[in-house]
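Asker: Residue numbers (our numbering): 690 to 926.
All residues carry an ideal CB built from backbone N, CA and C; glycine is no exception.
Sharing a structure, written as structure tokens. Questions coming.
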């Protein structure tokens with residue numbers, strides 16, 4: 690069974706800057722796919738029949754956009770003719786499966802050339818029979834680092850170290866899983882921030898009403914937060 694140990698080095702983050710143009714190009718294409726194909730759906734067969742009518746996919750088929758991608762990146766005249774035949778016969782599923790295969794082949798080689806991924810991870814993705822899964826995995830591996838940074842930036846200082854520990858654990862998971870966990874964690878942190886903002890507004894109101902009683906009460910006030918394992922108390926400063 691084709692498996693990969695995600696505790697090993699597989700995505701080389703220190704090379705991100707030199708690969709920015711390639712990454713932006715890849716992300717743009719993947720976002721185009723996600724928008725047109727209904728996001729991160731797992732099953733293909735049940736929705737392929739309807740996906741042709743999605744606006745972005747219709748644009749993809751009716752415009753020369755996909756041909757420009759091939760001439761700029763893949764440059765295989767035989768593949769162009771093959772895909773044109775699929776479109777003329779309205780075999781959209783076959784068109785898209787081939788398109789994904791060529792897309793994965795091209796970007797995997799480019800990412801390896803720029804040392805954005807390890808050779809072992811390249812072989813793992815290259816051997817995946819489901820090319821759409823391979824493309825999604827590459828997308829999640831690239832973009833989960835940015836998701837982690839967003840979480841840290843939004844996290845209150847009082848719990849930042851604990852959240853960083855959680856992020857390190859999450860990043861040892863498979864990229865698709867860790868990407869989703871990080872996005873969920875971001876939503877949790879937003880809720881915590883909203884709660885703290887509400888509490889601060891409550892204290893502002895209470896300061897006006899409580900007068901001289903406030904210093905004595907405030908010294909004993911605690912804020913509870915949930916770190917995913919147990920409840921902890923932090924003094925509000």
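For residue 867, collect the residues of the same chain with a Cβ closer than 7 Å to its Cβ; drop the 5 residues on either side in sequence, then sort them by chain order.
Answerer: Mapped onto the chain shown, residue 867 falls at position 178. The answer, listed in chain order, is 833, 859 and 860.
Asker: Would you mind working out which of 703, 712 and 707 sits nearest residue 829, comparing C-alpha positions?
Answerer: Against the chain shown, residue 829 aligns to sequence position 140. Residue 712 is the option with its Cα nearest to residue 829.
Asker: Assuming residue 792 is part of the alpha helix (DSSP H), what are its boundary residues?
Answerer: Looking up residue 792 in the chain shown gives position 103. Where residue 792 is concerned, the enclosing alpha helix (DSSP H) stretches over 781-802.
Asker: How many angstroms separate the CA atom of residue 885 from the CA atom of residue 849?
Answerer: In the chain shown, counting from the first residue as 1, residue 885 sits at position 196. In the chain shown, counting from the first residue as 1, residue 849 sits at position 160. Near 15 Å, if we compare the C-alpha coordinates of residue 849 and residue 885.
Asker: Please state the DSSP three-state secondary structure of residue 699.
Answerer: For the purposes of this step, residue 699 is taken as the residue at position 10 of the chain shown. Coil.
Asker: Can you tell me where the alpha helix (DSSP H) holding residue 689 begins and where it ends?
Answerer: Limits of the chain in this structure are 690 at one end and 926 at the other, which puts residue 689 out of reach.
Asker: If I measure Cβ to Cβ from residue 811 and keep anything under 7 Å in the same chain, skipping five residues before and after, which residues do I get?
Answerer: Translated into the one-based positions of the chain shown, residue 811 becomes position 122. Excluding sequence neighbours, residue 811 sits near 797 and 801.
Asker: For the alpha helix (DSSP H) that contains residue 693, what are its first and last residues?
Answerer: Working through the chain shown from its first residue, we reach residue 693 at position 4. Looking at the DSSP string, residue 693 is not in any alpha helix (DSSP H), and its letter there is neither H nor E.
Asker: Using only the alpha-carbon positions, how far apart do residue 706 and residue 781 sit?
Answerer: For this step, residue 706 is matched to residue 17 along the chain shown. For this step, residue 781 is matched to residue 92 along the chain shown. C-alpha separation (whole angstroms): 36 Å.
Asker: Determine the closest residue to residue 876 out of 805, 847, 836 and 803, with distance taken between C-alpha atoms.
Answerer: Here residue 876 refers to the residue found at position 187 of the chain shown. Of the candidates 805, 847, 836 and 803, the one whose C-alpha sits nearest the C-alpha of residue 876 is 836.
Asker: By the three-class DSSP mapping on this structure, what secondary structure does residue 706 have?
Answerer: Here the question's residue 706 lines up with position 17 in the chain shown. Correct three-state label for residue 706: coil.
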